[in-house]
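Report on the structure given below.
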Amino acid sequence: MLRLLRADNFKCLDGFELRLDGHALLMGLNGSGKSTVVELLDRLRRFWVAGDKSTDCFPGSTRTRWGSQQPQAFELHLETGGRALRLRVALGPADKGQPVRIVEEDIEGLGISVHRSGGIRIAFEPPDIVQQQLLVPDELSVLPLGFDKLTQLPGAVLAVDDAASFLPFRIEPATMETMAQAPSGVLRFDGRNFSCWLLARQRYFPDTYRGIARRAAEVLNGFVGFEFVPEGDQFRLITRWRSTKHSGGGPNGATRSYDIGELSDGQRLILVLSALVEVAGQRELAIILDEPDNYVALQEIQPLLLSLMDLPAIQLIVVSHHPEIIDLMAKDYGYVLVREEGQGPVRVKRWQAPPGTMLPASELVSRGDIDGGA
-3 MLRLLRADNF
7 KCLDGFELRL
17 DGHALLMGLN
27 GSGKSTVVEL
37 LDRLRRFWVA
47 GDKSTDCFPG
57 STRTRWGSQQ
67 PQAFELHLET
77 GGRALRLRVA
87 LGPADKGQPV
97 RIVEEDIEGL
107 GISVHRSGGI
117 RIAFEPPDIV
127 QQQLLVPDEL
137 SVLPLGFDKL
147 TQLPGAVLAV
157 DDAASFLPFR
167 IEPATMETMA
177 QAPSGVLRFD
187 GRNFSCWLLA
197 RQRYFPDTYR
207 GIARRAAEVL
217 NGFVGFEFVP
227 EGDQFRLITR
237 WRSTKHSGGG
247 PNGATRSYDI
257 GELSDGQRLI
267 LVLSALVEVA
277 GQRELAIILD
287 EPDNYVALQE
297 IQPLLLSLMD
307 LPAIQLIVVS
317 HHPEIIDLMA
327 KDYGYVLVRE
337 EGQGPVRVKR
347 WQAPPGTMLP
357 ASELVSRGDI
367 DGGA
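The sequence shown begins at -3 in the numbering used here and counts up one residue at a time.
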């Protein structure tokens, strides 16, 4: 579970703090920073989990307009299986043409305290858990570089795993690739490598692969399943649908095939969301979705969101302007993001309906009461 996100000097997030205790609906006017929060979580995952360089994750263009030469700092608190993990990093100035260097990094929890200062020297607490300090490039986090193996501590192994327990997505169906070159264990932020990710499910997790098809068929009328067709050293992702008189007819049970690039944006989005629902619950996860209702009808997406919310191992965090999703989540899980003076830093408060109102949350929001009367 994602418990806390702090950010200093990242776009419109400065002195920003988001505290969560379960599911969350991020609400607010356009430009209030909702999608920026999701983007930041993706960049933090790339930094702490994928091992991308700080310069690539946090170039100078990500700093606030009023603090472009000031340090950036981020803090993340995660809770998994009753275990708490705190991650913090401070990044130096982003001088033009120079790498963004790590000034400080802290990893705390699971019986481990790792402090890094000066860019490359890593000190552990207690100090006798390793014979010598580790030397790490000053653009890379220590977390994904194998300090679990170097320290040989069970807690360090868990820290590496728990750091990967949040999954942010902003699915862009138009970017999804038809061809899969090789299986991929990680679905990218925009979903473009869905075919590669699904190929890995087919090869290594066939029960999950079949379950994804069954779940998608519950939402997409006429959908039957997937097929990977070899083409040279790649595989084309094909979807199979029941034949109708409008698609060429055929005997009972006949199907027609379309590659994923021939589907509508909404159909492709439903396939990705169905896959996320099917694989969710296999471990504790925070799943963050930026406007998942784009491209699709509510009757298609609402069952998938409810399925995620019903899974005890899943924390669902959603950005949405859709009135039905606001009515579904705002009362118990609503958080409002507001810019100070319209263009200043973002602040967060819980959404509350005005006392005594009988109006649904979406109606209050449509009337301009985005703050919920708070």
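By construction, the Cβ of each residue, glycine as well, lies at the ideal position given by its N, Cα and C atoms.
- Distance between T353 and E320, taken at the CA atoms: about 18 angstroms.
- When the beta-carbon positions are compared, L83 and V96 stay at least 8 angstroms from each other.
- Under DSSP, no beta-bridge partner is assigned to S303.
- Taken through DSSP and simplified to helix, strand or coil, D286 comes out as strand.
- The alpha-carbon of A271 is positioned some 32 angstroms away from that of V138.
- Of the residues assessed, W62 falls on the exposed side of the cut-off, its CB having fewer than 16 other CB atoms within 10 angstroms.
- Under the DSSP assignment, F190 falls in the alpha helix (DSSP H) whose first and last residues are F190 to Y200.
- The residues C53, F54 and T58, in chain order, have a CB closer than 8 angstroms to that of R39 in the same chain once the five nearest residues on each side in sequence are set aside.
- Going by DSSP, E101 is part of the beta strand (DSSP E) stretching over I98 to G105.
- Under the DSSP assignment, A80 falls in the beta strand (DSSP E) whose first and last residues are R79 to L87.
- By alpha-carbon distance to Y331, the top candidate from V342, A178, W347 and F6 is W347.
- When DSSP states are grouped into helix, strand and coil, D134 belongs to the coil group.
- Proximity of the stretch 334 to 345 to the stretch 9 to 16 meets the contact definition, three or more beta-carbon pairs being nearer than 8 angstroms.
- Sorting M305, T235, V110 and K345 by C-alpha distance to the C-alpha of A152 places V110 at the top.
- For K30, no beta strand (DSSP E) encloses it; the enclosing alpha helix (DSSP H) starts and ends at K30 to R41.
- In the displayed model, E71 falls within a strand according to three-state DSSP.
- Between A282 and M(-3), the beta carbon gap of about 6 angstroms places them in contact (Cβ cut-off 8 angstroms).
- Ranked by Cα distance from Q230, the first of A349, V34 and P179 is P179.
- When C-alpha distances from R199 are compared across E214, R211, G181 and G187, the shortest belongs to G181.
- Q68 and L163 have their C-alpha atoms some 22 angstroms from each other.
- Annotated three-state conformation of E280 is coil, per DSSP.
- A196 and L183 have their C-alpha atoms some 10 angstroms from each other.
- Between R166 and F190 the beta-carbon gap is near 14 angstroms, outside 8 angstroms, which marks them as no contact.
- Sequence-distant Cβ neighbours of A80 in its own chain, meaning closer than 6 angstroms and more than five residues away, are G105.
- When the Cα atoms are used, V273 and S303 turn out to be separated by approximately 7 angstroms.
- The shortest CA-to-CA distance from E173 to any of A160, G24 and R188 is the one to R188.
- Here the stretch 305 to 314 makes no contact with the stretch 25 to 32; the two share fewer than three CB pairs at distances below 8 angstroms.
- Straight-line spacing of the CA atoms in R41 and F201 works out to 24 angstroms.
- Bridge partners of I234 according to DSSP: E223 and D255.
- If you draw a straight line from the Cα of E287 to the Cα of I297, it comes to about 11 angstroms.
- The three-state secondary structure of Q298, taken from DSSP, is helix.
- Take the alpha-carbon of S362 and the one of L265: they are about 26 angstroms apart.
- When only Cα atoms are considered, G221 and C192 end up about 16 angstroms apart.
- Close CB contacts of V225 within its chain, under the 6 angstroms cut and outside five residues either way in sequence, are with R232 and I234 (chain order).
- Only residues of its own chain outside the window of five on either side were considered, and among them G56 have a CB closer than 8 angstroms to the CB of K92, listed in chain order.
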